[in-house]
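Novice: Structure below; questions to follow.
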Amino acid sequence: MTRQYSLFILFLSSSYLLVNYQLAAQQLSQSPRLCAFRNNPSQYYPCALDSLGLNSWSFYRCPDETIFDELLQQCSKTDVSNSYPSLSSTDDTQLERISNFIVSQPVSDARRLITDFDDPFSIKKFLLERVERAGGIFWSNGQPLMELDEKPVFDSKSSINSKLNYFSYEHPYPPPVSEDELKYKKICYFTNWAQYRSGSAKFEPEHIDPFLCTHIIYAFAYISNETFLIRKVEDNDEDLYRRVNALKKRNPKLKTILGVGGWNMKSYAFSIMVHDSAKRKRFIFDTINFLHKHNFDGFEVDWEYPGIRGGLPDDKYYLTIFFQEFKEAAIAQSIVTGQPRLLMAAAVAANAEVVSNGYEIDKIAKILDFINIMTYDFHGAWQNHTGLNAPLYRRFDETGPEAMLNQVKNENMLKIIGLLRIRFFEDFGVAIWLKSGAPAHKLVLGIPLFARTFLLAHADQNELRSPTIGNGTEGPYTRSAGFLSYFEVCLLQSDPQWTRISVPDGSESEYMYKDRDWIAYDTLSNIQKRAAYVVANNLGGLFVWSLDMDDFNGIFCSNGTYPFIRNSLSLLPANMASYI
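Here the sequence shown is numbered in full-length UniProt numbering, starting from 1 and rising by one per residue.
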């Protein structure tokens with residue numbers, strides 16, 4: 001029997017389980033101390049479960065290259081052989097001894113299924129049918145692959161209440177300190193259409209500095225409207241996958257993630273897929289294989305947006321189920337193959353109404369590794385007046401819905417009306433997610449490396465909220481209506497006929513105008529203030545949209561290569577000051 005495919009089915013009677021669950025719940029409330037598994041000290045569990053033989057029902061895993069130190073009660077970078085000398089002789093027989101559990105002999109059919117692993121759902125179905133949910137755990141590599149009794153065990157806060165939380169970092173006991181979670185994320189998007197631009201604006205994977213970002217998200221793959229499986233968009237996507245992932249040879253710490261969706265995909269395929277259990281399972285299985293085939297480290301859902309643009313009113317509930325099932329399958333695949341678990345992320349809205357209708361924030365925040373909040377496109381030529389693309393705070397003179405179109409809330413903003421000072425606590429941008437239960441360290445603030453352009457209705461009315469009649473200046477390279485990349489903004493700023501205005505009152509944004517053209521953009525100084533906000537408020541990091549819109553080859557802005565990305569992401573230190 002090889003260690004890789006060791007398999008155990010654990011059977012317990014329902015009455016035995018019920019009594020021990022109640023005893024365990026009682027002892028857990030009295031003794032929160034945590035113990036390390038002797039055969040695998042990178043995992044640990046509440047010590048109270050040990051004497052009851054239930055230590056395998058609720059356990060947690062330390063980050064890579066760390067073990068759980070029982071004295072310090074935390075994960076530490078400690079040499080395993082020094083802390084647990086007996087581990088050097090660990091063999092498969094140790095895995096067969098689980099305290100107070102009745103361990104059956106391996107089931108030959110089930111062993112065949114795990115050996116020929118190609119569908120985690122068929123394995124689960126096979127086992128559930130045979131044990132009839134009497135209670136037990138499916139084991140592989142000495143680790144539980146899935147819980148067979150799907151009924152809640154402890155109270156609502158217990159990790160055993162969810163099949164996903166075997167590796168959860170959200171727990172009432174001291175959480176394992178994940179090194180990845182404690183590091184600021186510096187996320188950069190690679191777009192597979194920038195390859196078609198002309199001249200010096202043509203962007204390919206070889207232009208990427210692999211040390212500039214901690215994560216690169218490849219935008220985008222789509223979901224087929226016919227098969228409801230993941231599909232490529234560009235003819236050369238597979239070659240681009242290979243070239244983007246080749247960057248990890250130069251920087252092994254770099255993570256690459258495949259983004260699925262984007263604005264052009266709309267909601268139909270997402271909505272149909274998540275609503276249908278069979279389609280979800282097929283998509284999840286196919287996508288996990290697709291990601292590993294092309295050497296990606298994770299998966300991002302960029303659904304714009306659940307419940308609208310062709311979606312269904314209850315999309316948000318099924319999206320939560322989809323995330324839950326995807327993570328379950330990713331964990332199972334990781335345990336069986338020994339590969340790191342795939343990361344899971346989502347790009348989400350910052351508009352209050354879209355957020356409310358599109359996401360179960362408190363639930364998906366527990367499942368996802370991080371959440372990219374698209375805190376931009378607050379104003380554009382689709383409106384009938386000028387406005388800022390990504391203002392940091394609301395301005396003093398903004399009221400009503402306009403006051404909510406900002407990246408973050410400013411709790412220190414004061415408006416003086418006579419002798420009355422009013423403090424504002426509007427819910428917009430990041431604040432919507434925080435208020436609804438998302439932990440700060442999982443939220444990543446979006447930085448647009450593009451400007452929005454407007455055509456003024458009257459050349460002499462050129463202030464904020466001036467009337468407009470459509471899209472303004474189009475970039476000579478991006479060639480997109482109402483849109484300029486930052487390197488194209490640099491080209492325009494060399495023309496002295498443009499009037500540049502810095503907007504006061506906390507929005508930390510700029511605009512410029514010439515004749516009837518009006519452009520909302522941000523300077524490097526503005527972007528750096530977003531980085532300061534992230535650090536001050538313990539957010540998870542910054543993401544930039546996108547690599548190709550910075551002056552990546554240093555010829556347009558006269559400030560070196562990647563001036564905006566390099567001089568903003570670099571302001572984030574390696575590690576967060578505190579864990580929230």
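Cβ atoms here follow ideal geometry from the backbone N, Cα and C, with glycine treated the same way.
1) What residue does the alpha helix (DSSP H) around residue 601 start on, and which one ends it?
2) Our contact map puts residue 585 next to F556 with C-beta atoms below 8 Å; I'd like the distance itself, whole angstroms only.
3) In whole angstroms, what separates the C-alpha of E65 from that of Q43?
4) L145 by DSSP, collapsed to three states: which one?
5) Is the number of C-beta pairs between the stretch 210-227 and the stretch 266-275 that are closer than 8 Å three or more?
6) Give the DSSP bridge partners of M344, in chain order.
7) Tell me the DSSP bridge mates of N471?
8) Check for me: the beta strand (DSSP E) holding P448 runs from which residue to which?
9) Buried or exposed: where does L72 fall if 16 or more other Cβ atoms within 10 Å of its Cβ makes it buried?
10) So is A332 buried or exposed if we call it buried at 16+ other beta carbons inside 10 Å?
11) Mind checking whether I371 and L443 have CB atoms under 8 Å apart?
12) Please check the pair N245 and H294, which I expect to be a contact at CB under 8 Å, by giving their CB distance rounded to whole angstroms.
13) If I measure Cβ to Cβ from G387 and keep anything under 6 Å in the same chain, skipping five residues before and after, which residues do I get?
14) Quick one, which of A194, T320 and D209 has its alpha-carbon nearest K202's?
15) Take S267 and list the residues in its own chain whose beta-carbon comes closer than 6 Å to its own, dropping the five residues that flank it on each side.
16) According to DSSP, D517 sits in a beta bridge with which residue or residues?
17) Can you find the residues in the same chain that come closer than 6 Å, C-beta to C-beta, to W545, ignoring five residues on each side of it along the sequence?
18) CA-CA distance, D237 and N192?
19) Hey, D522 and A390 are a contact pair by Cβ (cut 8 Å); roughly how many whole angstroms apart?
20) Which one of R500, F450, S507 and K514 has the shortest CA to CA distance from Y486?
21) DSSP has L71 in a bridge; who is on the other side?
22) How many Å lie between D297 and S334 at the Cα?
23) Using only CA atoms, which one of D495, A532, L240 and N289 lies nearest to R341?
24) Going by beta-carbon coordinates alone, are R500 and E510 separated by less than 8 Å?
25) May I ask which residues mark the beginning and end of the alpha helix (DSSP H) holding residue 595?
26) Can you tell me whether Y196 is buried or exposed? The criterion is at least 16 other CB atoms within 10 Å of its CB, across all chains shown.
27) Tell me, to the nearest whole angstrom, how far the beta carbon of I216 is from that of T287; I am working on the premise that it is less than 8 Å.
28) Give the secondary structure of P41 by DSSP, where H, G and I count as helix, E and B as strand, and everything else as coil.
29) For I208, does the three-state DSSP call read helix, strand or coil?
30) F190 lies in the beta strand (DSSP E); which residues open and close that run?
31) Three or more C-beta pairs closer than 8 Å, one from the stretch 527-544 and one from the stretch 466-474: is that the case here?
32) My output table needs one value for G261: the three-state DSSP class, helix, strand or coil.
33) Give me, in chain order, the residues of the same chain whose beta-carbon lies closer than 8 Å to that of K77; leave out the 5 immediate sequence neighbours on both sides.
34) By the three-class DSSP mapping on this structure, what secondary structure does R280 have?
35) Could you spell out where the alpha helix (DSSP H) holding T337 opens and where it closes?
Specialist: This is what the structure holds:
1) No statement about residue 601 is possible, as the shown extent of the chain runs from 1 to 580 and does not include it.
2) Shown here, the chain extends from 1 to 580; a query on residue 585 therefore has no answer.
3) E65 and Q43: Cα-Cα distance of roughly 12 Å.
4) In this prediction, L145 scores a pLDDT of 41, lower than 50, which makes its location untrustworthy; the coordinate-derived value is nonetheless stated afterwards. It is a strand residue.
5) Touching, per the Cβ criterion.
6) Per DSSP, F299.
7) In the DSSP assignment, the residues bridged to N471 are F454.
8) Note, P448: beta strand (DSSP E), L443 to P448.
9) That one is exposed.
10) Buried: at least 16 other Cβ atoms inside 10 Å.
11) A contact, by the Cβ cut-off of 8 Å.
12) The Cβ separation is near 7 Å, so the contact holds.
13) Within its own chain, the residues whose Cβ lies closer than 6 Å to the Cβ of G387, once the five positions on either side in sequence are excluded, are H379, listed in chain order.
14) Among A194, T320 and D209, the Cα nearest to that of K202 belongs to A194.
15) Within the same chain, and ignoring the five residues on either side of S267 in sequence, the residues whose Cβ sits closer than 6 Å to its Cβ are R309, G310 and G311.
16) Paired residues: L455 and K514.
17) Here the set comprises Y189 and P448.
18) Going from the Cα of D237 to the Cα of N192 covers about 7 Å.
19) Correct: roughly 6 Å between the Cβ atoms.
20) It is F450.
21) For L71, which the question treats as bridged, DSSP gives no partner whatsoever.
22) Each residue's alpha carbon lies about 12 Å from the other.
23) Comparing alpha carbon positions, the residue from D495, A532, L240 and N289 closest to R341 is N289.
24) Inclusion of R500 and E510 in the CB contact set at 8 Å is warranted, their separation being smaller than that value.
25) Any answer about residue 595 is impossible in this case: the structure gives the chain only from 1 up to 580.
26) Note on Y196: under 16 other CB atoms within 10 angstroms of its CB, so exposed under the neighbour-count rule.
27) Going by Cβ atoms, the distance from I216 to T287 rounds to 18 Å, so no, they are not a contact pair.
28) DSSP, read as helix, strand or coil, puts P41 in strand.
29) Here I208 carries a coil assignment [DSSP, helix/strand/coil].
30) It spans K185 to T191 - the beta strand (DSSP E) in which F190 sits, taken as one unbroken run.
31) In the pairwise beta carbon analysis, the stretch 527-544 is classified as not touching the stretch 466-474: fewer than three pairs are separated by under 8 Å.
32) Under the three-state reduction of DSSP, G261 is assigned to strand.
33) Excluding residues within five positions, the ones whose Cβ falls inside 8 Å are E65 and T66.
34) Three-state DSSP puts R280 in a helix.
35) In the DSSP assignment, T337 falls within the unbroken alpha helix (DSSP H) covering D315 to T337.
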